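Before any comments, here is the structure.
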Amino acid sequence: MDALHILAKLGIFAAMLVTLTAAVMVVTLRNIFHCALALILVLLGVAAAYISLKAEFFAVIQILLYVGAIMTLVIFAIMLTSRIGDKTILQNNRQGLISFALLGLFNVFFTGAVLKTSWNLNPAAMAANVDAGVLGAAFMNEYVFPFEIISVVLIVALVGAIILGRADQ
Amino acid sequence: MNAIPLSYYVVFSGLLFSIGLYGVLVRRNVIGILMSIELIVNAANINLVAFSRYVAVKPETGQIFAAFVIVLAAAAAAVGLAIVLCVYRNRRTIYSDEINLLKF
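Written out as structure tokens, the structure is:
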């Protein structure tokens, strides 16, 4: 194990730590606009995790689509609806403690189960180089039917969003 | 070959999922709930990509599922935020416990 390997490992752990910290900020901060900014940091951290899994195409898609498109939409919605300056409004309901306890319990058991499992690793998949060309070929051959269905779902959802969001005449 | 073992990714996405579920459960702001749902979707996506990298029979399968998940999350965000705007226009609130018109 050389120095570069250890450095890569530390980098991935640091990215995960930043991501989880920002995720906690998303669900706890009082100002909803600050939550949106923290969510951008989470999405960038997830893109870093994709790069560490050698899925560079998805890292780029994540940044373009989530950070570029969806977060713009979310920030627009925040600007149009909430009274950001108002600090007196309670942002959380009173179920915080029991939710935290139950999810903490879930995580203890889940982490224990995951760390005890011996995964059936596939060396061919670990060595494979999945680039945009491979994904495109798979979309156009094996997965062409789901690809068409998802296109229809997307266009229906976008038309529905426009109809719901437009102002009344 | 891969820098860290698979189980670390699974634990990481489990933590991210729990934080997102906590947000869904405790947030009053509907936009906050939608952002927590984005956290949950991202946790699932990390799992899909990680399993396709480590254990999949065909290495591209999980990434294709992740692509479908991203498209559906984008559609859900667009429709969800349109509904939030619609509710705000009619009820002047985006706090989930104040949207109680259907409660008897």
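If you read the protein sequences in the order shown, they are chains A and B.
FYI, the numbering for the first sequence is 1 to 169, going by this note's numbering.
FYI, the numbering for the second sequence is 1001 to 1104, going by this note's numbering.
A virtual CB, placed ideally from N, CA and C, is assigned to each residue, including glycine.
As the structure is a prediction and not an experimental result, all values here were calculated from the model.
Note down, in chain order, every chain B residue with its Cβ under 7 Å from the Cβ of residue i.
i	result
T111(A)	V1011, G1014
M79(A)	Those within 7 Å of M79(A) in chain B number zero; the least Cβ separation is about 11 Å.
I61(A)	I1070
I173(A)	Because chain A in this structure spans residues 1 to 169, residue 173(A) falls outside the shown range and cannot be described.
G160(A)	V1079
Would you call residue i buried or exposed, if buried means 16 or more other Cβ atoms sit within 10 Å of its Cβ?
i	result
L170(A)	Nothing can be reported for residue 170(A): it is not among the residues displayed for chain A, which extend from 1 to 169.
A3(A)	exposed
L72(A)	In the sequence as displayed, the identity of residue 72(A) is Thr instead of Leu. Looking at its Cβ environment, which holds fewer than 16 other Cβ atoms inside 10 Å, T72(A) is exposed.
I98(A)	exposed
R1092(B)	exposed
R94(A)	exposed
F1012(B)	buried
V130(A)	buried
V1041(B)	buried
T117(A)	exposed
E1098(B)	exposed
V46(A)	buried
L7(A)	exposed
A69(A)	exposed
Rounded to whole angstroms, how far is the Cβ of residue i from the Cβ of residue j, which I believe are closer than 8 Å?
i	j	result
F57(A)	I1064(B)	Going by Cβ atoms, the distance from F57(A) to I1064(B) rounds to 11 Å, so no, they are not a contact pair.
G1032(B)	G1020(B)	At roughly 11 Å, the Cβ-Cβ gap does not stay under 8 Å, so G1032(B) and G1020(B) are not in contact.
P1059(B)	A128(A)	4 Å
Y1009(B)	I1046(B)	6 Å
V1069(B)	A1044(B)	6 Å
N1027(B)	V27(A)	Checking the sequence, you will find Arg at residue 1027(B) rather than Asn. Contact flag correct, Cβ pair sits at about 7 Å.
Which chain A residues sit within Cβ distance under 7 Å of residue i?
i	result
L1025(B)	Q95, S99
L1039(B)	A23, V26, V42
E1060(B)	V130, V134, L135, A138
Indicate the three-state DSSP secondary structure (helix, strand or coil) for residue i in the structure shown.
i	result
Y1095(B)	strand
N107(A)	helix
N1100(B)	coil
N93(A)	coil
N172(A)	Any property of residue 172(A) remains undetermined from this structure, which presents chain A solely from 1 to 169.
N1047(B)	helix
R1027(B)	strand
T117(A)	coil
Who are the neighbours of residue i on chain A, taking C-beta pairs under 9 Å?
i	result
R1053(B)	L53, K54, A55, A125, M126, A128, V130
R1028(B)	I89, L90, Q91, N92, N93
| Uninterrupted beta strand (DSSP E) stretches inside the segment 5-40 of chain A (no shorter than 3 residues) | none
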